[in-house]
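In structure tokens, the structure reads:
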């Protein structure tokens, strides 16, 4: 079964287009569409989680409001449990690595 595709036009900074073209020239991707679809697919996958703590981190870093915030988590969870959940969700306790993953 083939998924129906929809044309979406976006404006992308010139420097990103050059990088996309380089990936294509290196044979990593067949064309620009494939690069962009892979990037969107990875972004969607990163945000598709039911882990409330991870979602709160995503929203906080992007300045977005949601149904769960760090304040809500602080009232509902023990700080040690929160630290363990962060380490489990991100497979590290390094704040730098966590921020890098969230910003990808």
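Numbering (the working numbering), first residue to last: 2 to 105. A virtual CB, placed ideally from N, CA and C, is assigned to each residue, including glycine.
The beta carbons of residue 84 and residue 91 sit no closer together than 8 Å.
About 15 Å separates the Cβ atoms of residue 16 and residue 25, ruling out a contact at the 8 Å cut-off. Taking residue 63 as reference, the option from 9, 12, 105 with the minimal CA-CA separation is 105. A residue is called buried when at least 16 other Cβ atoms come within 10 angstroms of its Cβ; residue 21 meets this threshold and is buried. Taken atom to atom, the span from the alpha-carbon of residue 5 to that of residue 28 is near 26 Å. Straight across, the Cα-Cα distance linking residue 53 with residue 59 is about 10 Å. Taking C-beta separations shorter than 7 Å and ignoring five residues to either side along the sequence, the partners of residue 47 in its chain run 105, following chain order.
The criterion of a C-beta distance shorter than 8 Å is satisfied by residue 94 and residue 88. For residue 23, the enclosing alpha helix (DSSP H) covers residues 15-26. Judged by DSSP secondary structure, residue 41 falls within the alpha helix (DSSP H) whose first and last residues are 33-48.
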